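One structure below.
Protein chains: 2
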Amino acid sequence: MPTADRRRYRVGVVQLSVATNRRAENLARAEKLVRAAADEGCELVVLPEVFATALNLPKSHEIAEPVPGPTTEWLAGLARELGVSLAAGVLERAGEHVHSTAVLLDDTGRLAGSARRTMVYDLEAHFLTGVTGARVIPTPLGRIGLALGYDVQFPEVLRGLFANEAEVILAPSVLLRPFAEPVRQMLLARAAENCAYVLFASATGENTLAGLTYMGRSAILRSPLAIGAYSRDFRKQQPVLAEADREEVLLTADLDLHELRRMRAAAPFLADFRRSSLGRAVTAATRPDDPTTAPTPSQDGGPADER
Amino acid sequence: MPTADRRRYRVGVVQLSVATNRRAENLARAEKLVRAAADEGCELVVLPEVFATALNLPKSHEIAEPVPGPTTEWLAGLARELGVSLAAGVLERAGEHVHSTAVLLDDTGRLAGSARRTMVYDLEAHFLTGVTGARVIPTPLGRIGLALGYDVQFPEVLRGLFANEAEVILAPSVLLRPFAEPVRQMLLARAAENCAYVLFASATGENTLAGLTYMGRSAILRSPLAIGAYSRDFRKQQPVLAEADREEVLLTADLDLHELRRMRAAAPFLADFRRSSLGRAVTAATRPDDPTTAPTPSQDGGPADER
Chain V
1 MPTADRRRYR VGVVQLSVAT NRRAENLARA EKLVRAAADE GCELVVLPEV
51 FATALNLPKS HEIAEPVPGP TTEWLAGLAR ELGVSLAAGV LERAGEHVHS
101 TAVLLDDTGR LAGSARRTMV YDLEAHFLTG VTGARVIPTP LGRIGLALGY
151 DVQFPEVLRG LFANEAEVIL APSVLLRPFA EPVRQMLLAR AAENCAYVLF
201 ASATGENTLA GLTYMGRSAI LRSPLAIGAY SRDFRKQQPV LAEADREEVL
251 LTADLDLHEL RRMRAAAPFL ADFRRSSLGR AVTAATRPDD PTTAPTPSQD
301 GGPADER
Chain D
1001 MPTADRRRYR VGVVQLSVAT NRRAENLARA EKLVRAAADE GCELVVLPEV
1051 FATALNLPKS HEIAEPVPGP TTEWLAGLAR ELGVSLAAGV LERAGEHVHS
1101 TAVLLDDTGR LAGSARRTMV YDLEAHFLTG VTGARVIPTP LGRIGLALGY
1151 DVQFPEVLRG LFANEAEVIL APSVLLRPFA EPVRQMLLAR AAENCAYVLF
1201 ASATGENTLA GLTYMGRSAI LRSPLAIGAY SRDFRKQQPV LAEADREEVL
1251 LTADLDLHEL RRMRAAAPFL ADFRRSSLGR AVTAATRPDD PTTAPTPSQD
1301 GGPADER
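In order, the protein sequence lines correspond to chains V and D. When you line the first sequence up against our numbering, it's residues 1 to 307, in that order. When you line the second sequence up against our numbering, it's residues 1001 to 1307, in that order.
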């Protein structure tokens, strides 16, 4: 891993058809697109939520696996071989509980951090456990915040990432087609209000067992505010760097952390949030409440930074 | 006031050029557009934040007034004469403190409720006091939530309105032009994530004293999700009912609370929010923390509903 802080780098978002009960096939198609991303120079690649297994709620405990476990190891091997950082969603079994979890592997294959989805919808709540806690991982690619699909519909969940100065928010997702429009509007707002890049890696295709269609619409988004090159004035910039409809596809874009940091330094939003009693309350409420989600001491990435 | 619950009704949003130190002129132009709204059948009309006085921060304490006070009385007289509900922003003096406050007058001129802006930006914080607390007022026009301009950039502020089942969120605003794009994205998300109509009544024109330009871009927005007339399935709907650029103008649109309530009954978002520990924490943190913002017992609207 390069030790220098990378100010500009390319990212890839893999929109994957996530087929139920077809783990080997999902991994093979994912691998092909991750290799394509590495070929195109991406240093960070994001795959959808539960990309290997899909969600099969009644069988959740059976198909879930530990983190780290087989899927994490598979991702680690690919990250190490290709020299890219890799994030993806894994259906995680931890004792009696099952979580939808995002893992981040660095470009040596080390597990840099993980986060469990906070919000579960009513039917899911019989099978999955939500975990409150903002997970921001300091990396040479910037401060990376982890969220998962349904979380993006609840703005308070991502405010813990804002409080912890996440610069690049990764959102592996397995959301359904009827919610495509509101989710798109919310994702644009998440980038704007949290002054961050948002990498939304969405499942596409059909869950034929459940009769459900995934939303697709993966996107790489940024704040619509920038700072002029020779001034401190705000100016508009195009917030959509790349987006997909429903095809299985790799999206790529170039991030510029230097530009993002200049904008954040000029914008009053984080300071105003921190000064407000409500901002402080939200920050406190989004501190990880479950110590088992923190990386263990043997994982040398250290715990999520919670300054 | 009609006692029957109004399921469908027309609303007006007045985008007003808010001139500094020109109170009489601001009131005259506001009155003309409110009368036009009544002529067009609007039953609820919203004016911008501090529409009578503008913000003149160093002179805030001097130009502010009690609520109720002269501007509230002026609004009440107009509401009573025209038989419309009227909301607007008033620069409020309360002892040593100055607040940017939204007031809601019913169609008899009664003060149905008020709310003070939660978020103040760094420079403002020397002159204005932010107040935490979600204000939702049950009315025959639905459950009306009050917010103010800068609050819409902080999603957590409006989640207290969501928790209290606000159906129509009124946002009188005096935001600045450089923030027009992010604010527009956030407003669309506020309607989507809070499953509510959003009436954004924005100042336009120049603050020549301060060298600032207001953003305009007033809008009447709704959730992008609806329910099919003969099914329980979600379908897309156009979220922008009306919008302005920078002209002084009246926007109108027809709201349909019946449709909104059907969608909310089918959507799991509020139940999922309430079940989550983070949702409960945000709800607790947005309870009014200042009893002086609650309507007094002599105002028969009763306190904001906080169920």
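Cβ coordinates follow ideal geometry from the N, Cα and C atoms, glycine included. Predicted model only: the values in this text are computed from it and were never measured.
A residue is called buried when at least 16 other Cβ atoms come within 10 angstroms of its Cβ; Ala210/V does not meet this threshold and is exposed. Across the region 1120 to 1134 of chain D, CB contacts with chain V closer than 8 Å involve Val1120, Tyr1121, Asp1122, Ala1125, Gly1130 and Thr1132, in sequence order along the chain.
Shown in chain order are the members of the region 1146 to 1175 of chain D whose Cβ falls below 9 Å from a Cβ of chain V: Tyr1150, Gln1153, Phe1154, Pro1155, Glu1156, Val1157, Leu1158, Arg1159 and Gly1160.
A contact between stretches requires three or more CB pairs, one per stretch, nearer than 8 Å, and the region 153 to 160 of chain V meets this requirement with the region 1268 to 1286 of chain D.
At a cut-off of 9 Å between beta carbons, Arg264/V makes no contact with chain D.
No residue range can be given for Glu1247/D, since it is assigned to no alpha helix (DSSP H) and is classified by DSSP as neither H nor E.
Tyr214/V and Arg177/V do touch by the CB rule: their CB atoms are close to 7 Å apart, below 8 Å.
Against chain D, a Cβ distance below 9 Å from Glu193/V picks out Gln1153, Phe1154, Pro1155, Pro1182, Gln1185, Met1186 and Ala1189. The alpha helix (DSSP H) runs lying completely inside the region 1062 to 1103 of chain D and spanning 4 residues or more are 1070 to 1082, given in chain order. Sequence-ordered contacts of the region 217 to 249 of chain V with chain D read Ser223, Pro224, Leu225, Asp233, Phe234, Arg235, Lys236 and Pro239 [C-beta pairs closer than 8 Å]. Secondary structure of Thr139/V (DSSP, three-state): strand.
Our two residues, Leu1055/D and Val1098/D, have alpha carbons roughly 11 Å apart in a direct line. Non-local beta-carbon contacts of Arg93/V in its own chain, meaning distances under 7 Å to residues more than five positions away in sequence, involve His61, Ala64, Glu65 and Pro66 in chain order. The beta-bridge partner set that DSSP reports for Tyr1214/D consists of Leu1176/D. The continuous beta strand (DSSP E) containing Thr204/V extends over residues Tyr197 to Thr204. Contact between Glu1043/D and Ser1100/D fails: their C-beta atoms lie close to 25 Å from each other, not under 8 Å. Close partners of Leu1278/D in chain V (Cβ separation under 7 Å): Thr118, Thr132, Glu156, Val157, Ala285 and Thr286. Collapsing the DSSP output to three states places Asn1021/D in coil.
When Leu148/V, Phe127/V and Leu141/V are compared, the shortest CA-CA separation from Thr118/V is found for Leu148/V.
Contact check for Glu1167/D and Gly1142/D: beta-carbon distance about 4 Å, within the 8 Å limit, so the pair qualifies.
For Asp256/V, the nearest beta carbon of chain D is not closer than 9 Å to its own beta carbon.
The Cβ atoms of Thr53/V and Arg29/V lie no closer than 9 Å to each other. Counting only the Cα atoms, Arg264/V lies some 28 Å from Glu181/V. The CB of Phe1273/D comes closer than 9 Å to the CB of Met119, Phe154 and Glu156 in chain V, given here in chain order.
In this chain, Leu1148/D is not harboured by any alpha helix (DSSP H), its DSSP state being neither H nor E. Here Gly228/V is exposed. Its C-beta has fewer than 16 other C-beta atoms within 10 Å.
Ranked by Cα distance from Thr208/V, the first of Val11/V, Thr20/V, Arg7/V and Tyr9/V is Thr20/V. A contact is defined here as three or more CB-CB pairs under 8 Å, and the region 219 to 233 of chain V meets this definition with respect to the region 246 to 263 of chain V.
With contacts defined as CB atoms closer than 9 Å, Leu1123/D and Leu1057/D qualify as a contacting pair. In this structure Phe234/V is not in contact with Ser218/V, their Cβ atoms being roughly 28 Å apart against a cut-off of 8 Å. Around Pro268/V, the beta-carbon contacts reaching into chain D at under 8 Å are Tyr1121 and Asp1122.
Around Tyr197/V, the same chain offers Val168, Arg222 and Leu255 as residues with beta carbons nearer than 6 Å, after the five sequence neighbours per side are excluded.
One thing to note: Pro239/V has its Cβ within 9 Å of the Cβ of Ala192/V.
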